[in-house]
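Using the numbering used here, the first residue of the sequence shown is number 6, and each one after it goes up by one. Quick reminder that beta carbons are idealized off the backbone N, C-alpha and C, glycines included. Just so it is clear, the structure is predicted and the values come from calculations on it, not from any experiment.
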Amino acid sequence: MITVTNLSKSYGKKEVLKDVSFILEPSKVYGIVGSNGAGKTTLFRCIAGLESYNGHIHADRTPLKNYLGLLPADPYFPSKLTGEEYIYLLADARGIQVTDLEERNIFQLPLREYASEYSTGMKKKLALTAILLQRNRYFILDEPYNGIDFESALILTSIISKLRSLGKTVLISSHIFSTLKECCDQILVLENGQTGKMIAQDAFDELEDKMKKSAIGKDIDKLIEG
6 MITVTNLSKS YGKKEVLKDV SFILEPSKVY GIVGSNGAGK TTLFRCIAGL
56 ESYNGHIHAD RTPLKNYLGL LPADPYFPSK LTGEEYIYLL ADARGIQVTD
106 LEERNIFQLP LREYASEYST GMKKKLALTA ILLQRNRYFI LDEPYNGIDF
156 ESALILTSII SKLRSLGKTV LISSHIFSTL KECCDQILVL ENGQTGKMIA
206 QDAFDELEDK MKKSAIGKDI DKLIEG
């Protein structure tokens with residue numbers, strides 16, 4: 006379980022997160038939605054221990070960062086490091102020895118090529134493979150479906166379901182609402198750096214309709230002329 010209480014984060018005078026509070030339980034998949042700039046990625050970085058913040062984050066495994074796998078929206082890889090070396094590096098950081106890597110390469114990545122030269126989708130799949138092989142307890146996936154092919158998206162959905170069945174805690178952001186509807190048990194709404202309600206599955210359609218009305222309500226005639 007991860008408990009976030011009154012978490013706030015500012016960059017200078019700009020307040021990105023304000024008194025954010027929620028609880029993430031084991032064996033559940035949580036989605037998070039919000040417009041660009043709402044603070045989703047900053048929130049993820051705070052939970053992962055990559056940013057300082059005000060407030061409290063508690064977990065039943067400590068230190069939390071040693072049990073958490075973070076998939077960034079745009080994974081970074083050092084030059085001259087192969088995919089295979091990257092996986093071994095992250096596994097070694099957890100004291101884990103990875104064997105039979107070729108059999109575990111379900112995304113069929115060219116592991117002996119430099120990771121920095123991978124396509125966007127391949128980078129995302131490599132980073133995901135690495136944090137899965139770390140045997141983490143918690144997972145934060147920032148826009149995991151962006152840039153990957155249809156077959157890989159199906160595999161990813163199955164992976165998320167498997168993590169839930171293994172008692173893991175998963176937090177996902179996605180601009181593709183249908184993926185959240187399919188994967189998540191609850192969805193957290195983040196607006197202007199503040200948390201709204203935690204939405205249960207039976208209210209997903211209502212949330213989607215609300216988001217559509219908000220988007221369609223924009224005056225697109227001001228942008229597109231006849």
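Could you check if residue i is buried or exposed, using at least 16 other CB atoms within 10 Å of its CB as the buried criterion?
i: residue 149; result: buried
i: residue 84; result: exposed
i: residue 142; result: buried
i: residue 5; result: Because the chain spans 6 through 231 in this model, residue 5 falls outside it and cannot be assessed.
i: residue 129; result: buried
i: residue 26; result: exposed
i: residue 65; result: exposed
i: residue 46; result: buried
Can the beta-carbon of residue i be found less than 7 Å from the beta-carbon of residue j?
i: residue 44; j: residue 21; result: yes
i: residue 23; j: residue 32; result: no
i: residue 116; j: residue 89; result: yes
i: residue 192; j: residue 204; result: yes
i: residue 60; j: residue 11; result: yes
i: residue 186; j: residue 209; result: yes
i: residue 135; j: residue 82; result: no
i: residue 95; j: residue 139; result: yes
i: residue 153; j: residue 126; result: yes
Quick check on residue i: does DSSP put it in helix, strand or coil?
i: residue 226; result: helix
i: residue 20; result: strand
i: residue 147; result: strand
i: residue 136; result: helix
i: residue 40; result: coil
i: residue 91; result: helix
i: residue 215; result: helix
i: residue 71; result: helix
i: residue 47; result: helix
i: residue 27; result: strand
i: residue 167; result: helix
i: residue 204; result: strand
i: residue 159; result: helix
i: residue 111; result: coil
Whole angstroms is fine: what's the gap from residue i's alpha carbon to residue j's?
i: residue 76; j: residue 101; result: 19 Å
i: residue 225; j: residue 57; result: 39 Å
i: residue 172; j: residue 15; result: 33 Å
i: residue 124; j: residue 78; result: 14 Å
i: residue 7; j: residue 49; result: 12 Å
i: residue 80; j: residue 218; result: 33 Å
i: residue 168; j: residue 175; result: 8 Å
i: residue 131; j: residue 34; result: 21 Å
i: residue 54; j: residue 38; result: 21 Å
i: residue 229; j: residue 40; result: 22 Å
i: residue 86; j: residue 137; result: 19 Å
i: residue 183; j: residue 99; result: 34 Å
i: residue 103; j: residue 212; result: 42 Å
i: residue 160; j: residue 147; result: 17 Å
- Message: Restricting to runs no shorter than 4 residues, where is the alpha helix (DSSP H) found entirely within the region 170–199?
- Response: 182–188
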